[in-house]
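Numbering (full-length UniProt numbering), first residue to last: 1 to 357.
Every residue gets a Cβ at the ideal spot worked out from N, C-alpha and C, and that includes glycine.
Encoded as structure tokens, the structure appears first; notes follow it.
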């Protein structure tokens, strides 16, 4: 007999303490405690919450961002590592699942940073690490390409959870790779602002783009989609713009991001946060995912797998592989295939294909 969990989800619409990783981890732990006190079983954080989204690359020329890049790379964290351990301890203490965006670094190349999303289980296990497949537009000045090793759905007591980062929620193949693993709870993490044009020239409507993508994935997959976006406070604008009036105007007038939660019909089921920091909540009942599958089940009867075929390479990529059997991952576990449960409190927890029911 199939059971359908019901739980409360929380999406944190918040800003990091820019370039200050210890304070940002403190803030994350406080928000986890707050959300848990309000009954949340899943707490989602924005893209690159630990501890800066590189929005400066959208307002300055590449030759003018070296200091910002150095500060971001220096504040990046290891997976596993002491900062992640604190998040794991918070998850276990409060009995919640955490999805959080980080800047992930590696000692093999101190200037190599990934835009990474972590999933941490209720018992503190590190369930998945997903590195954004392709940084978007000017983000390429900061982040390295990820690989397919994190395109996984995790089977948890509250549902089968998957996550994608910002613009890759536009990638139909990445989204389908998660749907094909039985995803019924999706986490979409986004940046606080995303400048693409000078103010007054139209540009990229970030809120509209988020609503379109998040609602479409919820509707297509007949699932719940938790959208957690960043917030850009005045002090962060001061830090980045300094005395540059053009940069300040771009940061202040670029469309803001939003946080909200979508139901399996593609409609918003929570409050919407845009102009202030805070947490949005929604009560989720996975039984609501069943009836809509009668209409279109794109990973079941409503598809033609004899016509369409998707192959996904989930091999972890390393800088080099040597013919004597030694590869660079032996020197740095951050390049190795992800080890679920590493530096955690229980056995590995990455899911395989969904069970046949």
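In terms of Cα proximity to residue 313, the closest of 258, 192, 174, 269 is 174. A straight-line Cα-Cα distance of about 33 Å links residue 193 and residue 298.
The segment 131-149 makes contact with the segment 53-70: 3 or more CB pairs, one atom from each, lie closer than 8 Å. Contact check between the segment 176-184 and the segment 196-208: fewer than three CB pairs, one atom from each, fall below 8 Å, which does not count as touching.
51 is the residue among 287, 169, 51, 91 whose C-alpha sits nearest the C-alpha of residue 68. Between residue 101 and residue 48 the beta-carbon gap is near 5 Å, inside 8 Å, which marks them as a contact. Remark: C-beta atoms of residue 153 and residue 99 do not approach each other more closely than 8 Å.
Pairing residue 75 with residue 189, the inter-Cα distance amounts to about 20 Å. Distance check between residue 33 and each of 65, 86, 324 places 86 closest, using alpha-carbon atoms only.
In terms of CA proximity to residue 237, 247 leads the group 37, 108, 247, 13.
A straight-line Cα-Cα distance of about 44 Å links residue 83 and residue 295. For residue 18, the closest C-alpha among the options 286, 239, 264 is that of 239. The beta carbons of residue 9 and residue 161 sit no closer together than 8 Å.
Here residue 316 is actually not in contact with residue 109; their C-beta atoms are around 16 Å apart, not less than 8 Å. Excluding the 5 residues flanking it on each side, residue 30 has no same chain C-beta neighbour closer than 8 Å. In terms of Cα proximity to residue 179, the closest of 223, 158, 229, 200 is 223.
In the structure shown, the three-state DSSP call for residue 138 is helix. Taking C-beta separations shorter than 8 Å and ignoring five residues to either side along the sequence, the partners of residue 199 in its chain run 249, 250, 253, 254, following chain order. Listed in chain order, the non-local C-beta contacts of residue 220 below 7 Å within the same chain comprise 298, local neighbours out to five positions each way being set aside.
Per DSSP, residue 13 lies in no alpha helix (DSSP H) segment; the continuous beta strand (DSSP E) that holds it begins and ends at 6-13.
For residue 247, the uninterrupted alpha helix (DSSP H) segment begins and ends at 245-253. Under DSSP, residue 256 forms a beta bridge with 193. Within the same chain, 11, 13, 227, 228, 229, 273, 280 come within 6 Å of residue 259 by CB-CB distance, once the 5 residues on both sides are set aside. For residue 130, the enclosing beta strand (DSSP E) has its first and last residue at 126-131. Closest option to residue 97, judged by alpha-carbon separation, among 319, 158, 25: 158. Residue 262 sits in a strand when the DSSP states are folded into three classes. Looking at the DSSP output, residue 283 bridges to 8. The Cβ atoms of residue 134 and residue 104 do not sit closer than 8 Å to each other. When secondary structure is reduced to three states using DSSP, residue 92 falls in the helix class.
With respect to the C-alpha of residue 16, the residue from 307, 215, 231, 119 having the closest C-alpha is 231.
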